[in-house]
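In my numbering, the protein residues as written are 807 to 989.
Don't be surprised by glycine CBs; every beta carbon is placed ideally from N, CA and C.
Note that the structure is a prediction, hence the values are computed from the model and not measured.
One structure is given here, and the rest of the page talks about it.
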């Protein structure tokens, strides 16, 4: 699949199974994330690889965060089971700093671009994933679990694996006119 075809036909996959990307495939995914636009060469991101026993630790962290937030038992169970939706999760944290030329919001966008690049690199290698966020990204407990400083932002959790459902190869064309305004 060429790059343009990959970009215009991108779809997230929420049902993911083994195998997860490993070895060279995972290295390619991480390298793609490191090539995100980076004004000022600040490298404003950090990637946390969650797999194997790390998913259990992440499950306990999300469960604790849900309990601390006063969630009901159904929401606590959903939080507890979230890390088992995929065999590999990459948590991306925007490691932001005050900078005279590069505002914090731009550093956050750079980290977001890293997530997109990693998802595309996974798809290019036959894997897929889904970028999840939600209230967990602002949870004090979750932020502490990922060593977030005051300016840092968890931009998302990239769930990766092998899609369980085959994506449709016939994707309806998108009418860009609804989103584009000439200036």
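In whole angstroms, give me the CA-to-CA distance for residue i and residue j.
i	j	result
residue 823	residue 914	29 Å
residue 901	residue 960	9 Å
residue 840	residue 956	23 Å
residue 854	residue 982	35 Å
residue 832	residue 925	11 Å
residue 1025	residue 987	Here the chain covers residues 807 to 989 and nothing more, so residue 1025 does not appear.
residue 862	residue 879	18 Å
residue 865	residue 825	20 Å
residue 857	residue 989	46 Å
residue 891	residue 969	11 Å
residue 875	residue 979	42 Å
residue 809	residue 830	19 Å
residue 881	residue 873	9 Å
Less than 8 Å between the beta carbons of residue i and residue j, yes or no?
i	j	result
residue 818	residue 937	yes
residue 967	residue 889	no
residue 848	residue 905	yes
residue 964	residue 935	yes
residue 945	residue 842	no
Excluding the 5 residues preceding and the 5 following residue i in the sequence, name in chain order all residues of the same chain whose CB lies nearer than 7 Å to its CB.
i	result
residue 912	845
residue 827	835, 894, 928, 931, 933 and 966
residue 910	902 and 957
residue 860	none
For residue i, collect the residues of the same chain with a Cβ closer than 8 Å to its Cβ; drop the 5 residues on either side in sequence, then sort them by chain order.
i	result
residue 962	897, 898, 918, 921, 937, 938, 939 and 943
residue 877	885
residue 813	926
Checklist entry - Looking at C-beta atoms only, is the number of pairs between the region 884-891 and the region 854-874 that lie closer than 8 Å three or more? => result yes
Checklist entry - Is the region 946-955 close to the region 824-841, with three or more CB pairs under 8 Å? => result With a cut-off of 8 Å, the region 824-841 and the region 946-955 do not count as touching, because too few Cβ pairs lie within range.
Item to check | 3-residue-minimum beta strand (DSSP E) runs that sit fully inside the region 853-916, ordered along the chain | outcome: For the region 853-916, whole beta strand (DSSP E) runs of length 3 or above, ordered along the chain, are 894-900.
Item to check | Complete alpha helix (DSSP H) runs within the region 922-976 (minimum length 4 residues, chain order) | outcome: 946-951
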